[in-house]
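Heads up: the protein sequence lines correspond to chains A and B, in order.
Heads up: the first sequence is residues -5 to 247, going by our numbering.
Heads up: the second sequence is residues -5 to 247, going by our numbering.
All C-beta atoms in this analysis are idealised placements derived from N, C-alpha and C, irrespective of residue type, glycine included.
As the structure is a prediction and not an experimental result, all values here were calculated from the model.
2 protein chains.
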Amino acid sequence: MGTTQLESVPEPKYWHLRTVLSEALDSEFAVGEILPNERELAARFGVARATLRQALEQLELEGRLQRRRGVGTTVAPPRVGVAVGPSGHAWPGAGDDGWQAVDCTLAAPPGAVARMLETAPQEPVHTVRRSRVSHGQPVAAELLYIPASSVPDLSAIDAPTGTTRARAVLRELHRQTLEGQDRSVELGSAGADDAKELDRLPGAPVLVVTTRFFTEGRTAAVSLATYRADTCRLTFGDSGSVEIHHGPETRAS
Amino acid sequence: MGTTQLESVPEPKYWHLRTVLSEALDSEFAVGEILPNERELAARFGVARATLRQALEQLELEGRLQRRRGVGTTVAPPRVGVAVGPSGHAWPGAGDDGWQAVDCTLAAPPGAVARMLETAPQEPVHTVRRSRVSHGQPVAAELLYIPASSVPDLSAIDAPTGTTRARAVLRELHRQTLEGQDRSVELGSAGADDAKELDRLPGAPVLVVTTRFFTEGRTAAVSLATYRADTCRLTFGDSGSVEIHHGPETRAS
DNA sequence: AAGTGGTCTAGACCACCTC
DNA sequence: AGGTGGTCTAGACCACTTG
Chain A
-5 MGTTQLESVP
5 EPKYWHLRTV
15 LSEALDSEFA
25 VGEILPNERE
35 LAARFGVARA
45 TLRQALEQLE
55 LEGRLQRRRG
65 VGTTVAPPRV
75 GVAVGPSGHA
85 WPGAGDDGWQ
95 AVDCTLAAPP
105 GAVARMLETA
115 PQEPVHTVRR
125 SRVSHGQPVA
135 AELLYIPASS
145 VPDLSAIDAP
155 TGTTRARAVL
165 RELHRQTLEG
175 QDRSVELGSA
185 GADDAKELDR
195 LPGAPVLVVT
205 TRFFTEGRTA
215 AVSLATYRAD
225 TCRLTFGDSG
235 SVEIHHGPET
245 RAS
Chain B
-5 MGTTQLESVP
5 EPKYWHLRTV
15 LSEALDSEFA
25 VGEILPNERE
35 LAARFGVARA
45 TLRQALEQLE
55 LEGRLQRRRG
65 VGTTVAPPRV
75 GVAVGPSGHA
85 WPGAGDDGWQ
95 AVDCTLAAPP
105 GAVARMLETA
115 PQEPVHTVRR
125 SRVSHGQPVA
135 AELLYIPASS
145 VPDLSAIDAP
155 TGTTRARAVL
165 RELHRQTLEG
175 QDRSVELGSA
185 GADDAKELDR
195 LPGAPVLVVT
205 TRFFTEGRTA
215 AVSLATYRAD
225 TCRLTFGDSG
235 SVEIHHGPET
245 RAS
């Protein structure tokens, strides 16, 4: 019989579109340039807007595009390398990492964090909010959970909340001896408040970096940092930071 | 004046849906259980299927759900922690990391890789394919790029391709002295072949781990590993592996 | 006010898996 | 064959930014 499936495996339109656009981006557009609007692009390629959007979504996920409501779609610069745990072990807030303490409250952490801290499920802990800015753009938001037992001598005189409180808590934390840390990275989506702080919409993809700080066998603190996945490349260099490289796409489609 | 915006910021339906489903998942479903199909869920919540799908997409991104065409949507188990660069520096393939060499060819690497290797743009390099399996599931696919200069004594007698060739190349590579390495993690999307190897659809979100291996100041090899972002949590422990923790969502919405 | 991307709908058909 | 998720369409309206 004849039907030998010549044109088999028809790849989805949006995927093909992604490839075409990706190549156009490489050759015909400069960083920062704004693309034609979605309705026009869709018409130009002869597809529905939803299909075109599916392709754009992919490219945004890969850090190639940046879309802003009311403004347009622009060609994104290469991802910025952000150092995570730059060198050896160090307490958060020691030295000048890129972080900036914002606030500090006393509140019950999420269950997962309580479990890591080995505190009672509803027990309040010091919660330091920090944010990180790189090249003028917010790249990460962090919540640092520090149980009272890790800052035993915290003077009650300091402000009960606010930036000064945050710094006081960190200062006390540094008095402990750091014995080790333990990091993990996973994909997540930005909650409403994270999204606002990162200047993204809720649900935006983020890289969630969970760090546990150990002292005397116990977990002295837990950091939960969310990095903008579209603009950041997390680096764990043993040596200094390195040259740019372009595009997370691994192999041709 | 009166209009104090009581019910302002109406969050999108799909986002609200995501929250509702997420809570239902916590309380009413067991891992592995299959959910009602999309058409029924959409009807039950009184939304279009596309809207429901947007919510499911979010939950899948967060590793809470697993969807398989022709089968259904199931509740995903907690993400597995996958050790990346478990302890200190080591050549890839030395000792028993979770990797398994699959193949080896001689081909021109992507431009970005050539730049890191400091080889000419179209110069072919040894390209070792490896795959990693955890708990019976494929979790990562890797391409290891090794320029000829890093394996000078590679005997021409060995098979020119295939698994044995891959092992021979790695064996030769290990003869060099490893001076350091440099890692970065970013979000990407699976290419067609990666997708197949990871048992996902093209475009599936992956965590791309780029590792450079240094020797005598040069880059001796580059590894480009793509991990399934939905099922994996990358761990960079200084200590042994740790307990599960649940859910990458950082804060309540 | 006009233009952008973001959300949502109600359909249709397709690819894949299981029985 | 029947059921599932995946793709695609052609519209509508909304939220946001900018002149």
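Requested in this report: Flag this pair as yes or no: are the beta carbons of Leu35(A) and Leu46(A) separated by less than 8 Å?
Outcome: When the beta-carbon positions are compared, Leu35(A) and Leu46(A) come within less than 8 Å of each other.
Query raised in the report: Does the beta-carbon of Gly66(B) have 16 or more other beta-carbons within 10 angstroms, so that it is buried, or is it exposed?
Result: Per the 10 Å Cβ criterion, exposed.
Query raised in the report: Quick one, which residues of the region 40 to 70 of chain A are near chain B if we go by CB-CB under 7 Å, in chain order?
Result: So the list reads Gln52, Leu55, Glu56, given in the order they occur along the chain.
Requested in this report: Spell out whether any CB of chain A is found under 8 Å from the CB atom of Val14(B).
Outcome: Not one chain A Cβ lies under 8 Å of Val14(B).
Query - Presumed contact (8 Å Cβ cut-off) between Val14(A) and Val107(A), rounded CB distance - result: At roughly 44 Å, the Cβ-Cβ gap does not stay under 8 Å, so Val14(A) and Val107(A) are not in contact.
Query raised in the report: What is the DSSP secondary structure of Glu180(A), reduced to helix, strand or coil?
Result: Three-state result, Glu180(A): strand.
**Report entry** Touch test, the region 98 to 115 of chain B against the region 71 to 87 of chain B, Cβ-Cβ under 8 Å, three pairs minimum
**Finding:** Fewer than three Cβ pairs drawn from the region 98 to 115 of chain B and the region 71 to 87 of chain B lie within less than 8 Å of each other, which leaves the two stretches out of contact.
Query raised in the report: Any idea if Glu56(B) is buried or exposed, counting beta-carbon neighbours within 10 angstroms, 16 or more meaning buried?
Result: Answer is buried; the Cβ neighbour count reaches 16.
Query - Proximal residues of chain B, C-beta to C-beta of Gly197(A) below 7 Å - result: Chain order gives the chain B residues near Gly197(A) as Trp9, Gln52, where near means a beta carbon separation below 7 Å.
**Report entry** Per-residue contacts from Ser149(A) into chain B (C-beta, under 8 Å)
**Finding:** Here the premise fails: no neighbours, minimum Cβ distance about 29 Å.
Query raised in the report: Under 7 Å Cβ-Cβ, which residues of chain B neighbour Gly75(A)?
Result: Within chain B, the residues near Gly75(A) are Ser178.
Query raised in the report: In the structure shown, what three-state DSSP assignment does Ser125(A) receive?
Result: For Ser125(A), the three-state secondary structure derived from DSSP is strand.
Query - Sequence-distant residues of the same chain with beta carbon closer than 8 Å to Glu27(A), five excluded per side - result: Within the same chain, Glu27(A) has close Cβ partners Thr68, Val69.
Query raised in the report: So is Leu201(A) in contact with chain B if we call contact Cβ pairs under 8 Å?
Result: Among the residues facing chain B, Leu201(A) is included, as its CB has a counterpart in that chain under 8 Å away.
Requested in this report: State the DSSP-derived secondary structure class of Leu192(B), mapped to helix, strand or coil.
Outcome: DSSP places Leu192(B) in helix when its eight states are reduced to three.
Requested in this report: Answer yes or no: does any C-beta atom of chain A fall closer than 8 Å to that of Phe230(B)?
Outcome: For Phe230(B), the answer is yes, since a Cβ of chain A falls inside 8 Å of its Cβ.
Report task. Report the residue ranges of all alpha helix (DSSP H) runs contained in full by the region 20 to 45 of chain A; include only those spanning at least 4 residues, in chain order. Result -> If we require 4 residues or more, the alpha helix (DSSP H) runs fully inside the region 20 to 45 of chain A come out as 32 to 39.
Query raised in the report: At least one CB of chain A closer than 8 Å to the CB of Arg248(B): is that the case?
Result: This structure cannot speak to residue 248(B), because chain B is shown only from -5 to 247.
Query raised in the report: Would you say Ala134(A) faces chain B, with C-beta separation under 8 Å as the test?
Result: By this cut-off, Ala134(A) is not an interface position.
Query - Closest Cα partner of Pro71(A) within the set Gln60(A), Leu218(A), Ala77(A) - result: If we check each option's Cα against that of Pro71(A), Gln60(A) comes out closest.
Report task. Specify the secondary structure class of Val107(A) as computed by DSSP and reduced to three states. Result -> Val107(A) falls in the helix class under three-state DSSP.
Query raised in the report: Using a C-beta cutoff of 8 Å, does Ala223(B) count as contacting chain A?
Result: So yes, Ala223(B) belongs to the interface.
**Report entry** For Leu218(B), the residue or residues it bridges with in DSSP
**Finding:** Bridge partners of Leu218(B): Leu137(B), Thr204(B).
Requested in this report: Please check the pair Val145(B) and His120(B), which I expect to be a contact at CB under 8 Å, by giving their CB distance rounded to whole angstroms.
Outcome: Contact between Val145(B) and His120(B) holds, with the beta-carbon distance rounding to 7 Å and staying under 8 Å.
Query - Host alpha helix (DSSP H) of Val163(A) (start-end) - result: Boundaries of the alpha helix (DSSP H) around Val163(A): 156 to 167.
Query - Residue-level contact to chain A via CB, Leu0(B), 8 Å cutoff - result: Reliability fails at Leu0(B), whose pLDDT of 42 lies under 50, so the model's placement of it is uncertain and the value that follows must be treated cautiously. It does not: the Cβ of Leu0(B) has no partner Cβ on chain A nearer than 8 Å.
Report task. Pull up the distance between the alpha-carbon of Ala219(B) and that of Glu166(B), whole angstroms please. Result -> Pairing Ala219(B) with Glu166(B), the inter-Cα distance amounts to about 21 Å.
Query raised in the report: For Leu258(A), does the three-state DSSP call read helix, strand or coil?
Result: Because residue 258(A) is not part of the residues shown, which for chain A are -5 to 247, the question remains open.
Requested in this report: Pull up the CB-CB distance for Ala184(B) and Val122(B), whole angstroms please, since I reckon it's below 8 Å.
Outcome: Actually they do not touch by this definition, with Cβ atoms about 19 Å apart.
Query raised in the report: For Leu19(A), which residues from the same chain have a beta carbon less than 7 Å from its beta carbon, with the 5 sequence-adjacent residues on both sides left out?
Result: Setting aside the 5 residues that flank it on each side, Leu19(A) is surrounded in the same chain by Arg58, Val69, each with a C-beta closer than 7 Å to its C-beta; the list follows chain order.
Query - Alpha-carbon spacing of Val200(A) relative to Ala153(B), whole angstroms - result: One C-alpha to the other measures close to 44 Å.
Query raised in the report: Helix, strand or coil for Arg73(A) per DSSP?
Result: Coil, per DSSP.
**Report entry** Sequence-distant residues of its chain with Cβ nearer than 8 Å to Gly105(A) (five each side left out)
**Finding:** Within the same chain, Gly105(A) has close Cβ partners Pro115.
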